[in-house]
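S.K.: Structure in structure tokens, see below.
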Amino acid sequence: MLAQVSTAAVIGVEAVPVAVEVDVSDGLPGISMVGLPDPTVRESRDRVRSAIRNSGFPFPSGRVTVSLTPSDLRKVGAAFDLPIALGILAAAGVLPTREPRPFTVIGGLSLDGHVPPMAGLLPIAVASRRDARKGIVFPHGNMAEASVVEGLPLFPVRSLFDAACLFAEAEPTPSRRTLDRGTAVAEPIDREDLADVRGQAFGRRALELAAAGGHHLLLSGPPGAGKTMLARRMPGLLPPLSFDEALTVTTIHSVAGLLPANVGLMMTRPFRAPHHTASDVALVGGGSLPRPGEISLAHAGVLFLDELPEFSRKVLETLRQPLEQGAVLISRTARSVTFPAEVMLVAAMNPCPCGYQGAAERRCVCPPGAAERYARRLSGPLRDRFDLLVEVQAVPWADLRLPSAAESSADVRSRVIAARERQLERQGCLNGRLRGKALQAHCAIDDERALDMLGGSVAKLALTARAVTRVLRVARTAADLAGIDRVRYGHVAEALQFRLPAAER
Numbered sequence: 020m021l022a023q024v025s026t027a028a029v030i031g032v033e034a035v036p037v038a039v040e041v042d043v044s045d046g047l048p049g050i051s052m053v054g055l056p057d058p059t060v061r062e063s064r065d066r067v068r069s070a071i072r073n074s075g076f077p078f079p080s081g082r083v084t085v086s087l088t089p090s091d092l093r094k095v096g097a098a099f100d101l102p103i104a105l106g107i108l109a110a111a112g113v114l115p116t117r118e119p120r121p122f123t124v125i126g127g128l129s130l131d132g133h134v135p136p137m138a139g140l141l142p143i144a145v146a147s148r149r150d151a152r153k154g155i156v157f158p159h160g161n162m163a164e165a166s167v168v169e170g171l172p173l174f175p176v177r178s179l180f181d182a183a184c185l186f187a188e189a190e191p192t193p194s195r196r197t198l199d200r201g202t203a204v205a206e207p208i209d210r211e212d213l214a215d216v217r218g219q220a221f222g223r224r225a226l227e228l229a230a231a232g233g234h235h236l237l238l239s240g241p242p243g244a245g246k247t248m249l250a251r252r253m254p255g256l257l258p259p260l261s262f263d264e265a266l267t268v269t270t271i272h273s274v275a276g277l278l279p280a281n282v283g284l285m286m287t288r289p290f291r292a293p294h295h296t297a298s299d300v301a302l303v304g305g306g307s308l309p310r311p312g313e314i315s316l317a318h319a320g321v322l323f324l325d326e327l328p329e330f331s332r333k334v335l336e337t338l339r340q341p342l343e344q345g346a347v348l349i350s351r352t353a354r355s356v357t358f359p360a361e362v363m364l365v366a367a368m369n370p371c372p373c374g375y376q377g378a379a380e381r382r383c384v385c386p387p388g389a390a391e392r393y394a395r396r397l398s399g400p401l402r403d404r405f406d407l408l409v410e411v412q413a414v415p416w417a418d419l420r421l422p423s424a425a426e427s428s429a430d431v432r433s434r435v436i437a438a439r440e441r442q443l444e445r446q447g448c449l450n451g452r453l454r455g456k457a458l459q460a461h462c463a464i465d466d467e468r469a470l471d472m473l474g475g476s477v478a479k480l481a482l483t484a485r486a487v488t489r490v491l492r493v494a495r496t497a498a499d500l501a502g503i504d505r506v507r508y509g510h511v512a513e514a515l516q517f518r519l520p521a522a523e524r
């Protein structure tokens, strides 16, 4: 006797429908699986058998064949346990009907029949809503996550027995949603306040420009000057995520299994700071079964790379393409997977191995040529991708003792939000993403003095075409922060400051 249950598999950050077909026939007792299951799926034979018996149901005494289609898609994970178990019960006649129900069923099983929370539910719920499914049966522990998808009937279950009772009803009643998307904020936006920073006026301005335009920022300076302190205050300058951004961010974290418990929608922008020993796969994603890396986990937020030259050269070079395209394409023999990766890259580095080249308070003890070799760990093409280059100097002790009169993160954030709104209304994206005709149209300079200064700087600083493009983007952001429609001389001058060595400013 044949029964069918609908489920789904997650590939990248997208869900693919999967049909579980179960046939119970005469023959030697056992379960066989076809349809390209990996070892984690094949192991479900023992989990499903124990869960069915420990839930009080009889297990078929004949031959059980489970087919997972499409057969050319590799099936991974324990989330097929629940649909397989329900298919076996239906094929054995324990459930009243063998006809496919208009539900997507997803979830693992423990040996006692309990359905634990799972990773990657959100993209499956989104796909079910898109495919006009009448509901989704899923682990009760993922209720907050599933509640994000409006218009989709939800049927959370705690055990296989609950799921079987649900399938036995002709018209089951969906559960009420327990979490509104507007209250699903995981953490406060002001984790570390800019008002605590003493001095560093140049660095503070760079943070504001980077936050307003979505620009990449490189901080260089001696140890203890405040590079990391400044970088960790970047999230407090950024506005909350829009609903579409929040849905994408939450989906990525759900697939990675990093979504906090009882959080439906992540409304604050992510801040990821991987250690410099991270591999290229950990940073950009990949693996035999592609998973999102740190750059995708930081999508719509900040990726902070501290001690940038200490990262492997190979690892750093893998960032070049995602930073330009805003996405990571991972190709495998069977299929390709794309992960979103529109991030603001903030990096910090010392000027030399000992860290004190050019510092006023201590003498550099590096041997000749060491600083140049250290700087060359960061390739020219990657350095060119930073819009803002800031040399952070240590703040004198006399200034550290003074009470802070600096603006708070909330004050700066209000200007950042206003500037971002101007950009989105004018061109539909942040200035850091402008390119091609849009760049020419919105970053055009009609000030002859500004053009002359830019032309002289190109020759003096040996700026590449990419670097000039980034100067124009930063100048456009400076104009937006000032509420001015056209890019003026002062805006270009300020943008060029972030390409000059500290001694030449």
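Residue numbers (my numbering): 20 to 524. Note that beta-carbon positions come from the ideal geometry of N, C-alpha and C, so glycine has one too. Computed from a predicted model, the values in this text were never measured in an experiment.
Within the stretch 369 to 417, note down every full beta strand (DSSP E) run reaching 3 residues or more, in order along the chain.
M.R.: 407 to 410
S.K.: Between the stretch 146 to 158 and the stretch 76 to 86, are three or more C-beta pairs nearer than 8 Å?
M.R.: no
S.K.: Tell whether a beta-carbon distance below 9 Å holds between Ser-178 and His-234.
M.R.: no
S.K.: Can you tell me which of Pro-370, Arg-518 and Pro-135 puts its alpha carbon nearest to the alpha carbon of Gly-388?
M.R.: Pro-370
S.K.: With distances taken from CA atoms, which of Ile-30, Ile-436, Phe-99 and Pro-289 is nearest Glu-18?
M.R.: Residue coverage of the chain in this structure runs from 20 to 524, which leaves residue 18 outside it and unanswerable.
S.K.: For the alpha helix (DSSP H) containing Ala-183, list its first residue and its last residue.
M.R.: 179 to 187
S.K.: Ordered along the chain, which non-local residues of its own chain (more than five positions away) have a Cβ less than 6 Å from that of Glu-513?
M.R.: Ala-497
S.K.: Determine whether the beta carbon atoms of Val-156 and Phe-180 lie at a separation below 9 Å.
M.R.: No, they are not a contact pair.
S.K.: How would you write the range of the beta strand (DSSP E) that Glu-33 sits in, first residue to last?
M.R.: 33 to 44
S.K.: Counting beta carbon pairs with one atom in the stretch 391 to 399 and one in the stretch 346 to 365, are three or more of them shorter than 8 Å?
M.R.: These segments do not touch.
S.K.: In whole angstroms, what is the alpha-carbon distance linking Pro-48 and Arg-82?
M.R.: 5 Å
S.K.: Using the three-state DSSP reduction, which class does Leu-128 fall into: helix, strand or coil?
M.R.: coil
S.K.: Please report the straight-line C-alpha distance between Arg-495 and Leu-458, rounded to a whole angstrom.
M.R.: 10 Å
S.K.: Please report the distance separating the alpha-carbon of Gly-374 from that of Thr-337.
M.R.: So the alpha carbons of these two residues sit roughly 26 Å apart.
S.K.: Can you tell me whether Pro-293 is buried or exposed, with buried defined as 16 or more other CB within 10 angstroms of its CB?
M.R.: In summary, Pro-293 is buried, with 16 or more beta-carbon neighbours lying within 10 Å of its beta-carbon over all protein chains present.
S.K.: To the nearest angstrom, how far is the alpha carbon of Glu-211 from that of Leu-470?
M.R.: 39 Å
S.K.: Rounded to whole angstroms, how far is the Cβ of Val-43 from the Cβ of Ala-98, which I believe are closer than 8 Å?
M.R.: Actually they are not in contact, since the Cβ atoms of Val-43 and Ala-98 sit about 22 Å apart, beyond 8 Å.
S.K.: Just the Cα atoms here: how many angstroms apart are Ala-225 and Leu-236?
M.R.: 8 Å
S.K.: Determine the extent of the beta strand (DSSP E) in which Gln-23 is found, giving its start and end residues.
M.R.: 21 to 30
S.K.: Using three-state DSSP, classify Glu-305 as helix, strand or coil.
M.R.: It should be noted that the sequence gives Gly, not Glu, for residue 305. Reduced to three states, the DSSP call for Gly-305 is strand.
S.K.: Just how far apart, CA to CA, sit Thr-202 and Ala-413?
M.R.: With a pLDDT of 43 at Thr-202, under the threshold of 50, the predicted position of this residue should be treated as unreliable, though the coordinate-derived value follows. Going by the C-alpha atoms only, they are around 41 Å apart.
S.K.: Gln-23 to Arg-291, Cα distance in whole Å?
M.R.: 42 Å
S.K.: Any chance the CB of Ser-298 is under 8 Å from a heavy atom of the ligand ADP?
M.R.: Only the bare structure without any ligand can be found here, which leaves the ligand ADP out of the picture.
S.K.: Quick one: what's got a C-beta closer than 6 Å to Val-60's C-beta in the same chain, skipping five residues either side?
M.R.: Contacts found: Lys-94 and Phe-99.
S.K.: DSSP three-state label for His-272, please.
M.R.: helix
S.K.: In its own chain, which residues sit with a C-beta less than 6 Å from the C-beta of Gly-222, not counting the 5 before and 5 after it?
M.R.: Leu-249, Val-409 and Val-411
S.K.: Return the first residue and the last residue of the beta strand (DSSP E) that Arg-82 is part of.
M.R.: 82 to 88
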